[in-house]
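Trainee: Please find one structure pasted underneath; my questions will follow.
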Amino acid sequence: MPRAVPRPRRPLTPLTVVVSLVVILAVVLAGLIIRDSAAVTSWDLGILQALSDAHTPWLDALSLGINWLFSPVIAAVIVVVTAAIVLAVTRCLRPMVTFLTLVMIPWLGNDLIKAIVQRPRPDMSALSNSLVGTPSSLSYPSGHVAFATAYCLALLISVGGGRFRPLFTAIAVVVPLLTAFSRMYLGVHYLTDVVASLVYTTAAVVLVNALVEWAYARVGAERVSSGTGPVPGPPQ
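Position 139 of the sequence shown, counting from 1, maps to 132 under this note's numbering, and the rest follow consecutively.
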């Protein structure tokens, strides 16, 4: 079956890049301010204490399941398996490369922000229910939420078109929000940590996707001008 040329995408605009970078920078600056604010930390901890007092068995199981599923090692396995499935279903490298790029760059960028901000984890000794130990990594922004957001948005962008778009859109909204709640429920992240992760990762995915589409357009234009044809898209 012949391969078809991908539908035209909106070209990279300076506004997309600038807005995305401004949002990411704002997340970093907010983290530095929040880290040094005793008032914000006290407010954040109060929310975690309220959630800790409201534990139920089914929410315990759900939150612990998400904690395991989106842990770094399991998340990496999920990415590899999903990339293989995307390649097998689309029979085209481009969706797989797009998926991997949109997941990995924002996810790794989250760790860079952690290293810059250096916010300690919540004091879990102040919580009435503690289901997990205090993680050794830093707190701001949440890595689990960053992965969930990047993964779901990458699926939506790379393969979530056509009649399945509403389903992928719903997943891209529900899964990150549920993950964010679970991190606060377990007491391992503050509200400001998970909100920062949602905002940062969304902006990072938008930025990386714009750059990826620009790169594909440049390669396609060069191939057309050289007479080798456009960059192949997924089979129709």
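Using N, Cα and C, we set each Cβ at its ideal position, and we do this for glycine too. Everything numeric in this text was worked out from a predicted model, so none of it was measured.
Can you say whether Ala76 is buried or exposed, counting buried as having 16 or more other CB atoms within 10 angstroms of its CB?
Mentor: buried
Trainee: The alpha helix (DSSP H) that contains Gly102, what's its start and end?
Mentor: Leu86 to Val110
Trainee: From Gln71 to Trp61, what does the alpha carbon distance come to, in whole angstroms?
Mentor: The amino acid occupying residue 71 in the given sequence is Ile; Gln does not appear at that position. Each residue's alpha carbon lies about 12 angstroms from the other.
Trainee: On the premise that Leu95 lies in contact with Val10, defined as a C-beta separation below 8 angstroms, what is that separation, rounded to the nearest angstrom?
Mentor: Taking the Cβ atoms as the reference, Val10 lies roughly 16 angstroms from Leu95, outside the contact range of under 8 angstroms.
Trainee: In whole angstroms, give me the CA-to-CA distance for Pro228 and Gly153.
Mentor: With a pLDDT of 43 at Pro228, under the threshold of 50, the predicted position of this residue should be treated as unreliable, and no value is reported.
Trainee: Within the same chain, show all residues whose beta-carbon is closer than 6 angstroms to that of Leu146, passing over the 5 residues directly before and after it, in chain order.
Mentor: Ala165 and Val198
Trainee: What does a CB cutoff of less than 6 angstroms around Leu175 pick up in its chain, not counting 5 residues either side in sequence?
Mentor: Sequence check: residue 175 is Ser here, not Leu. Hits under 6 angstroms: Ser56 and Ile59.
Trainee: Check this for me: beta carbons of Val168 and Ala189, under 7 angstroms apart or not?
Mentor: no
Trainee: Is Thr194 near Ala119, with beta carbons less than 7 angstroms apart?
Mentor: no
Trainee: Where does Pro128 sit, in a helix, a strand or coil, going by DSSP?
Mentor: coil
Trainee: Within 10 angstroms of its Cβ, does Trp100 collect 16 or more other Cβ (buried), or is it exposed?
Mentor: Buried, because 16 or more other Cβ atoms sit within 10 Å of the Cβ of Trp100.
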